[in-house]
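What follows is one structure encoded as structure tokens, with my remarks underneath.
Below, the structure written as structure tokens:
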């Protein structure tokens, strides 16, 4: 196993709501995909080494301390280096001008622009800028040319333009600059993306601070909708900003994470591409946005969902590209992987799986939208009816489940319950909102599914739910059952299930999905604890009235975030390391959802998720 470039928790996240960058604590851009979240990278050292591309700006002096923060409630990053000779600040910003302000689009700006501004605070500091773009996940070394002071890097279909007032030297397929910054001075670097066959508007470096301020203004204005000043205000606000940052602005789709193949176990094979839009995320994301007043963002996500699932429900996938693309072919890259974790994957073969639960999550999203007062177009109800009819026909089939196992279909209890949810929410549309459909037949199917789960999905000796009909193992997805209204949390079987999960799946204070050494999921055993599952346990403790325990666990969970309140998918409590793709939408959705459950906001949330 090779050394990782930096711990995952050392990274910051930037977004222009079409693409995203990860920046290390020491000022290196180690991941950036342009022009979309799922495009091939131009900086990819996080999955290999600097030969796969990076962009570093750092002091050449001895650095004594490094501190960083987001500027207010924004995704503008400020990193401060304290050196023996002085102090400098590095401000990083993916400009959101075009994506955020489509009605006032500035034709003189590139569609994608990265601004990095070095500002002298005290004394004077010698700096080094090292710029090594490598296109297509490091496989294309570009050629560089200087035209009118702008360094253009071209490789295949992609091109980047670098400009700065300092002297830029091209050598060994890289661009370097050495310069000194004194107190009060500002030295900007701007990189813009454009297709190699098109020209890109040039941006004068002196506009850098104005672009940073405009971007900060956008994020701050969006954040102002949230006015809560509770004990976890910073964590919740940052999570909401992450969800906004993971939104592909042109369509409203929300990607699960901006990265691929950050490992769930260091050195292991559980490395997946999460730069796509999962239907399963729909309910959780929409509810989180609605809970905190972000109705416009929730509406955009609902509209994306309607477009994505249009068509025959038999053809509905569990995930799509940001524009609704259906072909997400999975292949492996010849990279070392993060900390030697291979394979490095692009695409996701799980998009071909049959996962019964997604129909329930989609129908639950539409129900939440109705409850929030969203107008439902006529064609939307027609889509919903075909989804429910499809579930009525297929709920008895085995599926690959919420965890997308690669060991073959099973009769997962969580999947059956979500089939029940799909039918139940269709019934609610008729009972509560006057929609027209086969009410009596759907009620009968709902009753049959419930009876089947209680008969075959319960370990009757232990009087608790089990992972699958033919498996008595536990699964953290069972914690979802009371949230969707299938059973009350204080029902004896459900209470026993929660307590069994606490005994058997909580290790070092955090929840595992299941015991990978005992359950065949098609992969070698070993992974971190799932943060989302741990937040689900918090919600269950709230429902059981165990408020103090819920708050203590919530505090333990939010403490796993890095200094910028960012969470990945998993956490290793023994090493204190974040694992998996980063930042992870599901983890941040779960955080704001649990914060709502603990607070009075949770009352409205429980009613909506329960289907009433």
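In our numbering, the protein residues as written are 11 to 622.
Think of the CB as a built atom: it goes at the ideal place given N, C-alpha and C, for glycine as much as any other residue.
Since this is a predicted model, take the numbers as computed values, not measurements.
Under 9 Å, do residue i and residue j count as touching if we go by C-beta distance?
i, j, result
"residue 589", "residue 579", "yes"
"residue 51", "residue 37", "no"
"residue 333", "residue 357", "no"
"residue 97", "residue 89", "no"
"residue 479", "residue 538", "no"
"residue 413", "residue 284", "no"
"residue 351", "residue 312", "no"
"residue 181", "residue 138", "no"
"residue 177", "residue 189", "yes"
"residue 85", "residue 251", "yes"
"residue 367", "residue 474", "no"
"residue 464", "residue 433", "no"
"residue 430", "residue 493", "no"
"residue 564", "residue 23", "no"
"residue 387", "residue 316", "yes"
"residue 599", "residue 253", "yes"
Would DSSP call residue i helix, strand or coil?
i, result
"residue 541", "helix"
"residue 185", "strand"
"residue 591", "coil"
"residue 405", "coil"
"residue 155", "strand"
"residue 75", "strand"
"residue 520", "strand"
"residue 628", "Nothing can be reported for residue 628, as the shown portion of the chain is limited to 11 through 622."
"residue 252", "helix"
"residue 326", "coil"
"residue 412", "coil"
"residue 533", "coil"
"residue 171", "strand"
"residue 473", "coil"
"residue 394", "helix"
"residue 550", "helix"
"residue 488", "helix"
"residue 111", "For residue 111, the predicted structure reports a pLDDT of 48, less than 50, and the residue's modelled location is therefore unreliable. A value from the coordinates is still provided. DSSP places residue 111 in coil when its eight states are reduced to three."
"residue 20", "helix"
Excluding the 5 residues flanking residue i on each side, which residues of the same chain have their C-beta closer than 7 Å to its C-beta?
i, result
"residue 164", "152, 153, 206"
"residue 288", "266, 328, 329"
"residue 277", "11, 349, 350, 351"
"residue 336", "327, 330"
"residue 604", "545, 548, 549, 564"
"residue 132", "96, 97, 193"
With 16 as the cutoff for other CB atoms within 10 Å, does residue i come out buried or exposed?
i, result
"residue 215", "buried"
"residue 451", "exposed"
"residue 33", "buried"
"residue 656", "The structure shown does not extend to residue 656, since the chain is modelled only from 11 to 622, so the question has no answer here."
"residue 114", "Unreliable placement is indicated for residue 114, whose pLDDT of 47 sits below 50; no coordinate value is reported for it."
"residue 708", "Here the chain has residues from 11 to 622 only, and residue 708 is not among them."
"residue 557", "exposed"
"residue 231", "exposed"
"residue 476", "buried"
"residue 534", "exposed"
"residue 341", "exposed"
"residue 198", "buried"
"residue 607", "buried"
"residue 505", "buried"
Where do the ends of the alpha helix (DSSP H) carrying residue i lie?
i, result
"residue 222", "218–233"
"residue 294", "291–301"
"residue 145", "145–148"
"residue 369", "367–381"
"residue 342", "First-last for residue 342: 341–343, but that is the beta strand (DSSP E), not the alpha helix (DSSP H)."
Any heavy atom of the ligand NAP closer than 8 Å to the beta-carbon of residue i?
i, result
"residue 414", "For the ligand NAP, the structure offers nothing, since it holds no ligand at all."
Starting from the C-beta of residue i, find all residues in its chain whose C-beta is less than 6 Å away, skip the five residues before and the five after it, and write them out in chain order.
i, result
"residue 408", "419, 420, 421"
"residue 417", "530, 531, 532"
"residue 570", "581"
"residue 129", "99, 196"
"residue 323", "396, 397, 400"
"residue 20", "34, 35"
"residue 365", "328, 409, 410"
"residue 73", "91, 93"
"residue 616", "Confidence in residue 616 is poor, its pLDDT being 43 and thus under 50, which makes the residue's placement unreliable; the coordinate value appears in the next sentence. Around residue 616: no qualifying Cβ."
"residue 256", "264, 265, 595"
Following the continuous beta strand (DSSP E) through residue i, name the residue where it begins and the one where it ends.
i, result
"residue 163", "160–165"
"residue 126", "122–142"
"residue 101", "96–104"
"residue 41", "38–43"
Counting contacts by CB-CB distance shorter than 9 Å, is residue i in contact with chain C?
i, result
"residue 132", "Looking for chain C here will not work: only one protein chain is present."
Residues in the same chain with beta-carbon distance under 8 Å from residue i, minus the five sequence neighbours each way, listed in chain order, please.
i, result
"residue 166", "145, 146, 150, 206"
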